[in-house]
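Here's the structure we're looking at; comments come further down.
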Amino acid sequence: ELIANISHDLRTPLTMISGYSEVMRDLPGENTPENVQVIIDETQRLTELVNDLLDLSKLQSGARKPVPERFDLTETVESVMSRYRKLTEKDGYCIDLSTDGPAVVTADRTMLLQVIYNLINNAVNYTGEDKSVSVVQQLTDGGTRVRVSVTDTGEGIPADRIPYIWDRYYKIDKVHRRAMIGTGLGLSIVKQILENHHATYGVESTPGTGSTFWFELP
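Residue numbers 4 to 221, in my numbering, belong to the letters of the sequence shown in order.
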């Protein structure tokens, strides 16, 4: 099933790249900036998929280990949020951030950037018609721990399916659909990175009202 899903996701951008290239070669006037941009976008998507597959492989094999450093998690969350400005402006998404930081943690900053980025991507892909996503950073346990949570307003996840959503390519409805953002491997990468950090993490969801994915670090 995993190979079938990966093959599907590899084939889609390859088909687009090949199709648009042939059109531009064979039809007069089709060598347009718009068509070139499609090829660039699909090449980027293909690159992201291959990179995610390599990341997941390295994480699971232990070849990619955390390199801890002390840094301000609040600044890191804010830097991720800035990447979504175009999505907010162009497609009408509302991605809100609330923090009670600053919160200094000792962890691999690059890996945590990837975790936050993937959790927001997941929320964007599954949020409801209001296109609303909420990101919250809060101090817990008397300020000794920090929790980051990402909430969407989508259909939610049935309780019996929650243990499986961290699996590669697991989909609640079993329909393999193309994610609007990301590659379908995001939650698997999140799980592996957080476990490598000995972090606590989880998801709270009620069908019909959305889901909240969260993680906590000292």
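Glycine included, every Cβ here is placed at the ideal spot set by N, Cα and C.
None of the values given here were measured: they were computed from a predicted structure.
What are the residues that DSSP puts in a beta bridge with Asp55?
For Asp55, which the question treats as bridged, DSSP gives no partner whatsoever.
What is the DSSP secondary structure of Thr156, counted as helix, strand or coil?
coil
Over what stretch of residues does the beta strand (DSSP E) that includes Val70 continue unbroken?
Neither: Val70 is in no beta strand (DSSP E) and is coded neither H nor E.
With DSSP run on the structure shown, which of helix, strand or coil describes Gly205?
strand
Identify whether Val118 lies in helix, strand or coil by the three-state DSSP scheme.
helix
Indicate the three-state DSSP secondary structure (helix, strand or coil) for Asp144 in the structure shown.
helix
Alpha carbon to alpha carbon, what distance is there between Pro166 and Val206?
9 Å
Compare the beta carbon distance of Pro221 and Arg164 with 7 Å and say whether it is the shorter of the two.
no
So the alpha helix (DSSP H) Gly189 belongs to, where does it begin and stop?
Gly189 to Asn199
Helix, strand or coil for Ala162? Go by DSSP, reduced to three states.
helix
Within the present structure, is the beta-carbon of Thr35 separated from the nearest heavy atom of the ligand COA by less than 6 Å?
Here there are no bound small molecules, and the ligand COA is not part of this structure.
Exposed or buried, which one is His200 when buried takes at least 16 other CB atoms within 10 Å?
buried
Do you know offhand how far Leu13's Cα is from Gly146's?
45 Å
Determine, using beta carbons only, whether Ala110 and Thr77 come nearer to each other than 7 Å.
no
When you compare only the Cα positions, how much space is there between Glu25 and Asn38?
11 Å
Min CB distance Glu198 to chain B below 7 Å:
Judged by its chain identifiers, the structure shown contains no chain B, having just a single protein chain.
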